[in-house]
Amino acid sequence: MTNMGKRKRKKKKNMTTAAIMIGGSLGFVALAYIGVSLFFTSHFMFNTEINGNDFSRKSASEAEKFFKEQVGEYTLTINDVNGGKETINSGEISLAYKENEKLDKILEKQNPFMWPQAIFKKSSQEVTFDLSYDEAKLAEKVNSLAIAQAGQTPAQSAYPSYDGSQFVISPEAYGIAVTPEALQEKVATCIKQLTPEMNLEKEGCYEAPRFLSDSEEVKQACDKMNEYCKARITYNMDVPVVIDQNVISTWLSVDENMNVIVDENGIRGWLEQFGEQYDTTGKTRTFTTPTGKNASVSGGTYGWSINEDSEFQTILNALNNKEVIEKEPEYYVSGVAASHSMPDWGDTYAEVDLSAQHMWYVVGGSVALETDVVTGEPIPEKVTPEGVYSIVEKKLDKVLVGAKDPVTGKPEYETPVSYWMRITWQGVGFHDATWQSNFGGSLNQITGIGSHGCVNMPLNKAAELYNMIEMGTPVIIHY
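Numbering (my numbering), first residue to last: 216 to 694.
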């Protein structure tokens, strides 16, 4: 045999030996792999956690024993958002472990041949055990927790708020009020899983705001309120009165569903104050008579009287249509006067002084006519009414008819007059009284001479006044 042949035989022998060794090693590895796999048919794999506890390479029976022991010693610690802690222990609720197969089922779901993968990958399982406890005791315990008692701060949804120039979104606030149903449910779940600690905030037990800063409903409400604030109404009074965004903002709010509400009562309240400031009908006015006497008068029908119903609709329309308006307010019929300043009858008016039994007709601030008069007898049914009125009717050759006498069934009087200037629709007016022999003084206080409430004038003065005075002229009657 040549040297070359010997070398070939030796090389072949070495290769066979290597193959046998490699085959033996692979066989050992295979057996070891299978052995470990068989082990994990009855044990939990590496990195297996159940309810936060490591049960790597533990059997189901070992895990069950652990949890049974936990039940007897179990205490749930409840952490609130302010750092407070409260506990519920197994003895307080008669907690007991019930046999079950839930741990075995976790084991069955394992693929034991995938154990190498488990070395690098954690498996976390949550098990809700079959436990028994006294539900009434648990409910009583939960309700007795300090966090469930009164005095909690409820959650506050984000909402539109006025910042002095426009509506902006105020952010939500979470508060520290728990939802009772959520608290009961979460506590029961933690107990069934034997969870040692529970964080109320993380578990979502606190009432959450319904609307957040980025909620579309809040954005839309804010935009709509700012649209309303684009309206502007200016009332041209002696000093302009302006309804702008600062006023409008006080009438706007949102309901629990973030629908914008226009406070109609607020608008009417504003109009009522507006009327109280600028309405003069029936108010007390102070003034100086043509003789220099300081006097005051209240009552009557003359003066400004804003039609609040009409202006209410004007304001609503302006808000809805984003209108900018400049206007006089609408007044009730006959609810106007000569001037907005007080006294509001201007410089042309008729004045009757009941104390002096004298009247003046003032035109442009100067006395155009004056005369003594006889007014109503000072008894309730005949007294001439104090107040500020206006001329509401003028007629020539008028027959004045009194109330019916209940005994005779006929009018108390039927008196023809040449010049009639009505002051009130109750029958008071200026007129000539040719049956009076004198005027002025205290004649009105004499029965049969004092009038039934009218202002009696000499014939010539009544004629002068009739030809001078116009419809609507203010009439001031005072003492």
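The C-beta atom is built at its ideal place from N, Cα and C for all residues, glycine as well. Predicted model, so just to flag it, every value in this text is computed and none were measured.
Would you tell me roughly how many angstroms separate the C-alpha atoms of residue 246 and residue 308, rounded to the nearest one? 51 Å
Is the beta carbon of residue 556 sitting closer than 7 Å to the one on residue 689? no
What beta strand (DSSP E) runs, 3 residues minimum, are completely inside the stretch 364-400? Counting only runs of 3 or more, we get 374-377 and 382-385.
Taking a contact to mean a Cβ-Cβ separation below 7 Å, would you say residue 423 touches residue 370 in this structure? yes
Closest residue to residue 695 among 249, 491 and 259 (Cα-Cα distance): It is not possible to answer for residue 695, since the shown part of the chain is limited to 216 through 694.
How do the stretch 412-432 and the stretch 372-384 stand: do at least 3 beta-carbon pairs fall below 8 Å, yes or no? The answer is yes - the stretch 372-384 touches the stretch 412-432, with three or more Cβ pairs under 8 Å.
Burial state of residue 611, where buried means 16 or more other Cβ atoms lie within 10 Å: exposed
Comparing C-alpha positions only, which one of 593, 679 and 589 sits nearest to residue 633? 679
N-terminal and C-terminal residue of the alpha helix (DSSP H) that residue 357 is part of: 350-359
Residue 439 versus residue 420: straight-line alpha-carbon distance, rounded: Cα atoms of residue 439 and residue 420: separation of roughly 34 Å, rounded to the nearest angstrom.
Alpha carbon to alpha carbon, how far is residue 286 from residue 465? Residue 286 and residue 465 have their C-alpha atoms roughly 59 Å apart.
Short Cβ contact (7 Å threshold) for residue 408 with residue 266: Yes. Within cutoff.
Apart from the five residues just before and just after residue 391, which ones in its own chain have a Cβ nearer than 8 Å to its Cβ? 295, 296, 297, 362, 367, 368 and 421
First and last residue of the uninterrupted alpha helix (DSSP H) at residue 647: Segment 644-647 is the beta strand (DSSP E) holding residue 647; no alpha helix (DSSP H) there.
Have a look at the DSSP bridge pairing and note the partners of residue 604. 690
DSSP three-state call for residue 481: helix, strand or coil? helix
Scan the stretch 506-565 and note each continuous beta strand (DSSP E) run of 3 residues or more that stays entirely inside, going in chain order. Correct list: 509-512 and 539-542.
C-alpha gap between residue 445 and residue 471, whole angstroms: Roughly 25 Å between the two C-alpha positions.
Please go through the same chain and pick out, in chain order, the residues whose beta-carbon is closer than 8 Å to the beta-carbon of residue 349, but skip the five residues on each side of it. 308 and 309
Go ahead and label residue 560 buried or exposed: buried means 16 or more other beta carbons lie within 10 angstroms of its beta carbon, across all protein chains shown. buried
Once the 5 residues before and after residue 458 are set aside, which same chain residues still bring their CB inside 6 Å of it? 448
Distance between residue 252 and residue 329 (C-alpha atoms, nearest Å): 8 Å
Could you tell me the alpha carbon to alpha carbon distance between residue 651 and residue 545, rounded to whole angstroms? 45 Å
Backbone CA spacing between residue 674 and residue 455 [nearest angstrom]: 47 Å
Measuring CB atoms only, is the stretch 515-522 touching the stretch 489-503, in the sense that at least three cross pairs come out at less than 8 Å? yes
Compare the C-alpha of residue 543 against each of 486, 533, 609 and 452 and name the closest. 452
Under the three-state DSSP convention, the category residue 455 falls into: coil
Given a threshold of 16 other Cβ atoms within 10 Å of its Cβ, counted over all protein chains shown, does residue 303 qualify as buried or as exposed? The residue is buried, with at least 16 neighbouring Cβ atoms inside 10 Å.
Contact under 7 Å by Cβ, residue 318 with residue 275: yes
Enumerate in chain order the residues of its own chain whose CB-to-CB distance from residue 637 is below 6 Å, with the five nearest sequence positions on each side excluded. Excluding residues within five positions, the ones whose Cβ falls inside 6 Å are 607, 608 and 644.
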